[in-house]
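Q: Letter by letter, the sequence shown follows residues 7 to 197 of this note's numbering.
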Amino acid sequence: MRCSPFTAVYDACVLYPAALRDLLMWLGLSGLYRARWTGQIQDEWKRNVLKNRPDLTAAQVDCTSALMDIAIPDALVTGYEDLCSSLDLPDPDDRHVLAAAIRSKAEVIVTFNLKDFPPHILAAYDIEPMHPDDFISDLWDLNQAAVLGAAQKQRRALKKPAMEAGSYLEMLMRQGLVQTSKAMGPYEMML
C-alpha cells in the first residue's frame, strides 16, 4: 500500500467514540494519510471509556488499543515528551498532543476540542487543528473512492448488530460527522 506523507495526529477525544475510532482506523489504513497517536493518547481515551462504560473491562479496551497498534504499526509516536514543557496551550494537559504532532511532523491534529488548540499557536509549527468531520470531508474531496471504501469496510464489519447503510449514515450523523454523512448519502447503495 502506498501512503501519503500527510500526517494526522488523533486526539483522545476522537478515539473515545467506538464508531468514530473505527472509521478513523479504516481511513488510516487507506493510505490517504499517516495516522499517529501516542501511548498517552491511547491511555486517555481508554481511561475515559472505562469510566463511562462499566460494562467494559480494562482487558477489552487494552485489546482494542493493541489491535490499533498492530493495524497501523508506525502510528505510535515516541520521543515527544521533552517538547511538552516548552509548549503553551490553554489546557496544559493537551501539550502532549501538540508535542506528538511536532515530533511526527504532522500537518493536522484531529480533535473535537478546537478551542484547546488555537490556530495561531499551532500555526507556528505548521499544524492545523481540525474537527473530525472537516478532516474526513477534506479526505472525501481528495479521494471519494478511498473514503467510501473505508466506510464500506467499516459498515460491513459491523456484526453485533449488523447495520444497514441508512442506519450507518445516521450513526455518522450522531458522531458529529454531518458533512461526511451528507456527502456519502448519494452513495448509500455502495455502502
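We put the beta carbon where it would ideally sit given N, CA and C, even for glycine.
(1) Taking Cβ to Cβ, would you say LEU62 is nearer than 9 Å to ALA156?
(2) Contact between the stretch 176-189 and the stretch 142-155 is defined here as three or more beta-carbon pairs at a separation below 8 Å; is this criterion met?
(3) Leaving out the 5 sequence neighbours to the left and right, which residues in its chain are closer than 6 Å to MET177 when beta-carbon positions are compared?
(4) Using only alpha-carbon positions, find the residue among ASP140, ALA65, ASP122 and ARG59 that is nearest to PRO23.
(5) Are the CB atoms of ILE78 and ALA41 nearer to each other than 9 Å?
(6) Does the distance from the C-beta atom of PHE123 to that of ASP100 stay below 9 Å?
(7) Looking at C-alpha atoms only, which residue of GLN66, SER10, LEU104 and ALA171 is the closest neighbour of TYR131?
(8) Considering Cα atoms alone, identify which of GLU87, LEU197, ASP144 and GLY182 is closest to ALA168.
(9) Give the single residue among LEU128, ILE127, PRO135 and HIS102 whose Cα lies nearest to the Cα of PHE118.
(10) Alpha carbon to alpha carbon, what distance is there between ASP75 and ASP49?
A: On the basis of the supplied data:
(1) The Cβ-Cβ distance between LEU62 and ALA156 does not fall below 9 Å.
(2) With a cut-off of 8 Å, the stretch 142-155 and the stretch 176-189 count as touching, because enough Cβ pairs lie within range.
(3) Result list for MET177: ALA25, in chain order.
(4) Minimum Cα distance to PRO23 is reached at ARG59.
(5) Yes, the Cβ-Cβ distance between ILE78 and ALA41 is below 9 Å.
(6) A Cβ-Cβ contact shorter than 9 Å links PHE123 with ASP100.
(7) Closest option to TYR131, Cα to Cα, is LEU104.
(8) Of the candidates GLU87, LEU197, ASP144 and GLY182, the one whose C-alpha sits nearest the C-alpha of ALA168 is LEU197.
(9) Cα-wise, what sits closest to PHE118 is PRO135.
(10) Computed Cα separation, rounded: 13 Å.
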